[in-house]
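Colleague: Numbering-wise, the working numbering puts 303 at position 38 of the sequence shown, and it's gapless, one number per residue.
A virtual CB, placed ideally from N, CA and C, is assigned to each residue, including glycine.
On a predicted model such as this, the values are computed, not experimentally measured, just so you know.
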Amino acid sequence: MANIDVRLLRYFIAVAETGHMTRAAERLGIGQPPLSQQIRVLETQLGVTLFERLPRGMALTDAGQAFLADAYEVVRKLDQAVDDVRRVAAGVKGRLSVGFTSSAALHPFVPTVIRAFRGDAPSVSLMLDEASTGELLDGLRDGHIDVAFIRQPQGNTGDITVVQVLEEPMVLAVPSAHPLARTGRAAEGGRAGKAARAAEVPITAIAAEKLILYRRRAGQGLYDAIIAACHGAGFSPTIEQEAPRLLTTLSLVAAGLGVSVVPASLMRMQIEGIVYRPLAPSPRAPLCCAYREGVLAGPTARLLAHVRAATGAEAG
Numbered sequence: 266m267a268n269i270d271v272r273l274l275r276y277f278i279a280v281a282e283t284g285h286m287t288r289a290a291e292r293l294g295i296g297q298p299p300l301s302q303q304i305r306v307l308e309t310q311l312g313v314t315l316f317e318r319l320p321r322g323m324a325l326t327d328a329g330q331a332f333l334a335d336a337y338e339v340v341r342k343l344d345q346a347v348d349d350v351r352r353v354a355a356g357v358k359g360r361l362s363v364g365f366t367s368s369a370a371l372h373p374f375v376p377t378v379i380r381a382f383r384g385d386a387p388s389v390s391l392m393l394d395e396a397s398t399g400e401l402l403d404g405l406r407d408g409h410i411d412v413a414f415i416r417q418p419q420g421n422t423g424d425i426t427v428v429q430v431l432e433e434p435m436v437l438a439v440p441s442a443h444p445l446a447r448t449g450r451a452a453e454g455g456r457a458g459k460a461a462r463a464a465e466v467p468i469t470a471i472a473a474e475k476l477i478l479y480r481r482r483a484g485q486g487l488y489d490a491i492i493a494a495c496h497g498a499g500f501s502p503t504i505e506q507e508a509p510r511l512l513t514t515l516s517l518v519a520a521g522l523g524v525s526v527v528p529a530s531l532m533r534m535q536i537e538g539i540v541y542r543p544l545a546p547s548p549r550a551p552l553c554c555a556y557r558e559g560v561l562a563g564p565t566a567r568l569l570a571h572v573r574a575a576t577g578a579e580a581g
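Laid out in structure tokens, this is it:
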């Protein structure tokens with residue numbers, strides 16, 4: 266069976282369904298003599314007679330009747346396999362693993378892209394994973410992750426392409442009882458407005474505070490941006506603690522253990538006891554999309570198309 270051309274099976278099915286060589290040839294768009302020859306080739310390869318030649322048509326023999334069901338199944342499976350591989354190549358079928366850092370996931374850009382992709386390719390099995398930037402880059406390299414949304418990585422990323430899709434300001438997070446929370450009108454619990462934007466805190470105010478930061482090895486880009494902004498303002502901050510997750514950082518701020526500097530998108534976190542204040546000048550927090558270099562196809566390419574579309578909408 267392995268050496269039988271699938272076209273012979275299609276010819277056989279056409280003759281079996283029409284019961285007539287000429288009508289089958291017309292359906293297939295070939296001549297009647299070549300079709301008769303191909304049916305004989307199939308019978309020779311199988312070593313059986315599939316049809317009884319009648320004066321006005323063709324009738325399946327018992328062997329032909331038994332072979333017809335298997336021929337249908339073989340052709341069906343082949344057609345399904347061809348359709349599946351084409352759908353995978355088009356990015357509407359298959360599997361896609363998307364990673365993100367905790368801060369990246371809170372920016373509306375990320376859920377917007379994933380929601381658009383899900384609506385466009387509902388048959389793709391979508392796996393989501395939250396981890397640190399370093400862990401996500403390792404996952405991209407070993408093939409466990411296809412696309413990752415991260416903050417700006419530092420150093421050589423090797424065979425990983427990192428594209429910045431947007432940039433947002435960073436804000437000061439302080440306990441609600443802190444003096445900086447009462448200076449001017451602030452944005453509390455994530456509700457930011459024009460009054461909050463007018464009540465900027467000079468970044469030099471951090472010099473006298475105990476600073477709680479997201480652990481550097483988990484978010485090196487954010488960590489270094491904050492430290493660089495402080496150094497640029499002429500001081501070195503006092504780092505009280507480094508937390509393993511941004512949510513932990515905010516929890517420590519809410520507990521009154523210090524202040525922190527976080528991407529503005531984290532103001533969406535409705536955490537009681539935290540007030541957010543804009544900084545002047547404000548460190549910037551990039552949001553990046555990372556993926557392996559090479560030929561991009563399938564669900565990965567389709568997701569990246571949505572990233573490009575959303576990036577254009579963001580810029581507009």
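#1: Hey, out of L431, E432, A446, whose CA is closest to A438's CA?
#2: What's the call for H496, buried or exposed, on a 16-neighbour Cβ count within 10 Å?
#3: Excluding the 5 residues flanking R292 on each side, which residues of the same chain have their C-beta closer than 8 Å to its C-beta?
#4: Please confirm whether A289 and L300 have their CB atoms less than 9 Å apart.
#5: Kindly say whether S530, judged by its beta-carbon, lies nearer than 9 Å to any beta-carbon of chain D.
#6: Just to check my reading of the structure: K475 and E505 have Cβ atoms closer than 8 Å, yes? What is that Cβ distance to the nearest angstrom?
#7: Given E558, which residues of its chain have a CB within under 8 Å of its CB, disregarding the five upstream and five downstream residues?
#8: Just how far apart, CA to CA, sit R272 and L561?
#9: How would you write the range of the beta strand (DSSP E) that G322 sits in, first residue to last?
#10: Using DSSP with H/G/I as helix, E/B as strand and the rest coil, what is G404?
#11: Does the contact criterion of 3 or more C-beta pairs under 8 Å hold for the region 375-391 versus the region 332-351?
#12: Measuring CB atoms only, is the region 519-536 touching the region 318-329, in the sense that at least three cross pairs come out at less than 8 Å?
#13: Could you compute how far the alpha carbon of M392 sits from the alpha carbon of F414?
#14: Tell me whether the beta-carbon of P585 lies closer than 9 Å to the beta-carbon of G359.
#15: Since L515 and I492 should fall inside the 8 Å C-beta cutoff, what is the C-beta to C-beta distance between them, to a whole number of angstroms?
#16: Taking 8 Å as the limit between beta carbons, can you name the residues of its chain near T287, skipping five residues before and five after?
#17: Please go through the same chain and pick out, in chain order, the residues whose beta-carbon is closer than 8 Å to the beta-carbon of I410, but skip the five residues on each side of it.
#18: Closest to G399 by CA distance: which of V357, R481, L517, D489 is it?
#19: Would A470 and P548 qualify as a contact pair, given that the criterion is a beta-carbon distance under 9 Å?
#20: Return the chain-ordered list of same chain residues with a C-beta closer than 7 Å to the C-beta of G538, the five sequence neighbours on each side being excluded.
#21: Cα separation between L511 and P551?
#22: Which one of A346, Q345, V347, F316 has the shortest CA to CA distance from L333?
#23: Closest to V430 by CA distance: which of V313, V572, P467 is it?
#24: Assign Q417 to one of three DSSP states: helix, strand, or coil.
#25: Pick from S530, G499, A381, A331: whose alpha carbon is nearest that of A281?
#26: DSSP beta-bridge partners for S525?
#27: Among G577, A575, R567, which has the Cα closest to the Cα of A386?
Modeller: Judging by the given coordinates:
#1: For A438, the nearest C-alpha among the options comes from A446.
#2: Label assigned to H496: exposed.
#3: Taking C-beta separations shorter than 8 Å and ignoring five residues to either side along the sequence, the partners of R292 in its chain run A279, T283, following chain order.
#4: When the beta-carbon positions are compared, A289 and L300 come within less than 9 Å of each other.
#5: No chain D is present in this structure, which holds just one protein chain.
#6: About 4 Å separates the CB atoms of K475 and E505; that is less than 8 Å, so the two are in contact.
#7: The answer, listed in chain order, is D424, I425, T426.
#8: Our two residues, R272 and L561, have alpha carbons roughly 33 Å apart in a direct line.
#9: That run of the beta strand (DSSP E) goes 322-325.
#10: In this structure, G404 counts as helix in the three-state DSSP scheme.
#11: With a cut-off of 8 Å, the region 332-351 and the region 375-391 do not count as touching, because too few Cβ pairs lie within range.
#12: Taking 8 Å as the limit for Cβ pairs, the verdict is that the region 318-329 does not touch the region 519-536.
#13: Between the alpha carbons of M392 and F414 lies a gap of roughly 14 Å.
#14: Outside the displayed range of the chain (266 to 581) lies residue 585, so it cannot be described from this structure.
#15: Not confirmed; about 19 Å, so no contact.
#16: Closer than 8 Å at Cβ, skipping near neighbours: Q297.
#17: Excluding residues up to 5 positions away in sequence, S362, V363, G364, D394, L401, G404 lie with their Cβ nearer than 8 Å to the Cβ of I410 in the same chain.
#18: Comparing alpha-carbon positions, the option among V357, R481, L517, D489 lying closest to G399 turns out to be R481.
#19: No; because the gap between Cβ atoms is not below 9 Å, this pair is not in contact.
#20: Setting aside the 5 residues that flank it on each side, G538 is surrounded in the same chain by P440, S441, A519, each with a C-beta closer than 7 Å to its C-beta; the list follows chain order.
#21: Approximately 16 Å between the Cα atoms of the pair.
#22: For the set A346, Q345, V347, F316, the Cα lying nearest the Cα of L333 is the one of F316.
#23: For the options V313, V572, P467, the alpha carbon positioned closest to that of V430 is the one of V572.
#24: DSSP places Q417 outside both helix and strand once states are collapsed to three, so it counts as coil.
#25: Ranking the options by Cα distance to A281, first place goes to A331.
#26: In the DSSP output, where bridge partners are listed per residue, S525 has A438.
#27: Considering only alpha carbons, the answer is R567.
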